[in-house]
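Peer 1:
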Amino acid sequence: MDSSGDRWLLWVLRGSAVIAGGVTLLVILFLVAASVPAFQHLGVVRFFTDASWHPAEYAAEGTFNLWPMLVGSLLVTAGAVLIAAPLGVGAAVFCQYYAPGAVAATYRRAIELLAGIPSVVFGFWGLIVLVPMINQWHPPGQSLLAAVLILSLMILPTIAMISDASMAQLPDEYRFSAEALGLTRWATVRGVMLPAAAPGVLTGLILATGRAIGETLAVLMVCGNIVQIPTSAFEPVRTLTANIALEMAYAAGDHRASLFVTGLILTFIVVALVFIVEKINRRFSSLIP
Amino acid sequence: MKFETYSSSRESCCDREACAPVLSASDLSLFYGRKAAFRGVNLDIHEGCITALVGPSGCGKSSFLQSLNRLTDLIPACRIEGTVTCCGKDIHEPATDLIALRRRVGLIFQKPSPLPFSIRRNLDFPLREHGFTDRGEREAKMESALRDVCLWDEVKERLDSPATSLSGGQQQRLCIARALALEPQVLLLDEPCSALDPISSGAVEDLIADLRNRFTVVVVTHNLAQARRIADDVAFFWVKENAGRLIEHGPAEAIFSDPENELTRAYIAGLRG
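Chains as they are written, first to last, in our numbering: chain V, 16 to 304; chain P, 12 to 284.
#1: Using the three-state DSSP reduction, which class does P:Glu150 fall into: helix, strand or coil?
#2: Compare the C-beta of P:Lys72 against all C-beta atoms of chain V and say whether one is closer than 8 Å.
#3: Considering only their Cβ atoms, is the gap separating P:His141 from P:Leu185 smaller than 8 Å?
#4: Along chain V, which residues have their Cβ under 8 Å away from the Cβ of P:Lys122?
#5: Grouping DSSP H, G and I as helix and E and B as strand, with all else coil, what is P:Leu282?
#6: Starting from the beta carbon of P:Gly117, find every residue of chain V whose beta carbon is closer than 9 Å, and list them in chain order.
#7: Taking the runs of the beta strand (DSSP E) that are 3 residues or longer, which of them lie wholly in the segment 160-236 of chain P?
#8: Please classify P:Lys72: is it buried, with 16 or more other beta-carbons within 10 angstroms of its beta-carbon, or exposed?
#9: If I'm right that P:Asn133 touches P:Pro123 with Cβ under 8 Å, what's the distance once you round it to whole angstroms?
#10: Interface residues of chain P around V:Ala202 at Cβ under 7 Å?
#11: Quick check: the segment 91-109 of chain V against the segment 156-172 of chain V, are at least 3 beta-carbon pairs closer than 8 Å?
#12: Following the continuous beta strand (DSSP E) through P:Ser37, name the residue where it begins and the one where it ends.
#13: On the DSSP letters alone, give me the boundaries of the beta strand (DSSP E) that P:Glu5 sits inside.
#14: If we count Cβ pairs, one from each stretch, closer than 8 Å, do we get three or more for the segment 101-108 of chain P versus the segment 145-152 of chain P?
#15: Using DSSP with H/G/I as helix, E/B as strand and the rest coil, what is P:Asp55?
#16: Taking 8 Å as the cut-off, does the segment 186-195 of chain V touch the segment 267-277 of chain V (at least 3 CB pairs, one atom from each stretch)?
#17: Would you identify the three-state DSSP class for P:Glu273, choosing helix, strand or coil?
#18: Between V:Leu196 and P:Pro137, is the Cβ-Cβ spacing less than 8 Å?
#19: Hey, out of V:Pro52, V:Gln55, V:Phe79, whose CA is closest to V:Val242's CA?
#20: Any chance the segment 105-121 of chain V sits against the segment 272-280 of chain V, with 3 or more Cβ pairs inside 8 Å?
#21: Leaving out five residues before and five after V:Phe290 in sequence, what residues of the same chain have Cβ atoms less than 8 Å from its Cβ?
#22: With respect to the beta strand (DSSP E) encompassing P:Arg90, which residues constitute its N-terminal and C-terminal limits?
#23: Return helix, strand or coil for V:Val285, following the three-state DSSP convention.
#24: Distance, Cα to Cα, V:Leu339 vs V:Leu159?
#25: Would you list, in chain order, the members of the segment 73-89 of chain P that have their beta-carbon closer than 8 Å to a beta-carbon of chain V?
#26: Secondary structure at V:Thr224, three-state DSSP: helix, strand or coil?
#27: Looking at C-alpha atoms only, which residue of P:Pro127, P:Phe267, P:Ile91 is the closest neighbour of P:Lys46?
#28: Could you spell out the range, first to last residue, of the beta strand (DSSP E) harbouring V:Ile34?
#29: Looking at the structure shown, is V:Thr218 part of a helix, part of a strand, or coil, going by DSSP?
#30: In three-state terms, what does DSSP make of V:Lys294?
#31: Using a Cβ-Cβ distance under 8 Å, would P:Leu157 count as near chain V?
#32: Do we get a CB-CB distance below 8 Å when we pair P:Ile110 with the residues of chain V?
#33: Can you tell me whether DSSP reads P:Lys72 as helix, strand or coil?
#34: Kindly list, in the order they appear in chain V, the residues whose Cβ is closer than 9 Å to that of P:Ala190.
#35: Which residues bound the alpha helix (DSSP H) around V:Leu102?
#36: Count the CB pairs spanning the segment 120-135 of chain V and the segment 146-161 of chain V that are closer than 8 Å, and state whether there are at least three.
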């Protein structure tokens with residue numbers, strides 16, 4: 016710590032840390048501040064009990080029920096995670112324990128490529144290809160199902176890559192000692208490797224959930240955006256994210272403030288997910304050397 | 012090809028002439044990519060005996076040990092030439108039942124390698140996977156295996172705590188118990204004491220000596236004194252022409268008192284290696 020180079024580096028690092036942390040804090044403070052008028056004029060309860068979502072500039076003139084959109088976001092996310100989790104974890108297991116080296120390497124590149132495709136491309140493909148297909152099956156096509164399918168494709172690489180990485184980190188001894196005990200490959204994977212990698216896999220799932228709940232554009236393009244609690248997977252829904260994107264251009268007054276409330280809810284959900292990840296990591300890090 | 016599982020009624024013997032070798036390597040070579048770990052090894056492992064593989068580091072002892080139950084299959088770019096027979100059957104035949112082979116020929120690693128679960132699950136899971144569906148039967152096998160390695164009294168109160176919370180010596184004995192619970196015929200031990208403190212090392216060594224006659228044991232060791240104490244047969248490996256070679260093998264007393272090869276003599280006298 017004596018040389019001036021070290022001292023400089025320390026200050027630069029401190030500065031970057033303050034900036035990164037400060038920006039996060041400011042964004043959240045801004046969100047809260049911008050939401051305050053809505054809470055003052057509407058309270059909290061009206062966001063869940065109003066008859067519908069027909070916002071207006073003044074609280075008294077409109078209705079502000081965000082509940083259907085919260086349900087929409089949660090349904091779309093849950094559906095996507097349910098589909099992508101087995102596929103992603105399966106892909107990682109295949110890469111790690113079954114595929115020959117060259118196949119695994121190629122497969123990994125393909126998954127990384129999938130992660131790199133911009134969300135607008137997914138949305139566009141969904142709108143042009145997927146939505147018409149669903150429409151033929153069960154109109155209108157723009158639906159909860161379409162959003163779930165597009166979103167599951169988008170979070171699949173996150174789950175696959177994080178699961179793959181957490182399995183790759185496991186010591187070779189686990190595998191060797193399991194196979195030395197005459198366990199089959201599948202028993203080794205199911206009984207030893209997957210449980211040992213579970214904290215990492217779970218972290219991947221939660222990060223993917225965070226990504227899914229925050230995804231806006233691709234979902235907006237295929238979900239139909241009608242504010243309702245869907246009774247089937249073929250019905251259109253609107254998510255919290257899409258709500259902000261669709262209405263921000265013309266919202267004013269309490270309408271605008273209630274869009275910030277929408278953002279605040281999303282932020283809370285993501286913060287809660289990050290908190291869960293922390294918990295999991297702390298809980299399991301003591302268990303595995 | 013199926014290997015019959017070991018039956019406890021088997022006559023134990025350590026008579027080299029009377030019984031056919033359990034494991035037999037003939038002209039066995041192993042390569043990692045282009046590099047040979049060992050070449051041209053011919054060695055018979057006799058039933059009920061403790062065979063010690065001795066020699067300096069890097070002479071292919073561990074690789075040889077792992078090739079005996081085909082654990083080397085797990086290492087990419089690893090290639091075997093020659094044959095290994097287990098009770099007369101070539102283990103490299105495509106039809107070999109690897110699961111049965113590894114159950115019959117268990118292997119213990121140098122570094123204690125408990126799985127990151129509870130003590131109970133470490134023993135219970137392999138038993139369950141090997142078809143012991145009855146819970147009571149598994150519990151009984153677990154207890155008797157843990158008693159065999161003198162670990163039962165130390166862990167019976169905390170079977171559900173993580174195996175990694177045990178000391179190094181306890182972990183190694185747990186690993187041996189885990190292999191014994193599957194009732195193997197042969198136990199391969201890869202320097203089982205070298206990662207342990209002297210007291211644990213002594214406990215594991217006594218345990219290996221106790222296994223004589225009940226199991227066939229092959230143990231890799233750097234510790235000549237240990238080999239002298241426990242081995243019936245000794246095989247001496249040395250590096251020649253960049254590959255491990257089996258220089259000399261035979262009954263322990265012969266190797267230690269009157270080795271035929273100069274290298275063996277020098278190594279045993281502590282002059283080389």
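In this text, a Cβ means the ideal position worked out from N, Cα and C, and glycines have one as well.
From a predicted model like this one, the values you see are computed outputs, not experimental measurements.
Peer 2: According to the structure shown:
#1: helix
#2: no
#3: no
#4: Glu188
#5: coil
#6: Ala195, Leu196, Gly197
#7: 197-201, 227-231
#8: buried
#9: At roughly 11 Å, the Cβ-Cβ gap does not stay under 8 Å, so P:Asn133 and P:Pro123 are not in contact.
#10: Contact of V:Ala202 with chain P by beta-carbon distance below 7 Å involves Glu140.
#11: yes
#12: 34-43
#13: Here chain P covers residues 12 to 284 and nothing more, so residue 5 of chain P does not appear.
#14: no
#15: strand
#16: no
#17: helix
#18: yes
#19: Minimum Cα-Cα distance from V:Val242 among the listed residues V:Pro52, V:Gln55, V:Phe79 corresponds to V:Phe79.
#20: no
#21: none
#22: 89-97
#23: Per DSSP, reduced to three states, the secondary structure at V:Val285 is helical.
#24: Outside the displayed range of chain V (16 to 304) lies residue 339 of chain V, so it cannot be described from this structure.
#25: Asn80, Leu82, Leu85, Pro87
#26: If DSSP states are grouped into helix, strand and coil, V:Thr224 belongs with the helices.
#27: P:Ile91
#28: From DSSP, V:Ile34 is part of no beta strand (DSSP E) but of the alpha helix (DSSP H) over 19-57.
#29: helix
#30: Residue state, collapsed to three classes: helix.
#31: no
#32: yes
#33: helix
#34: Ala195, Leu196
#35: 82-108
#36: no
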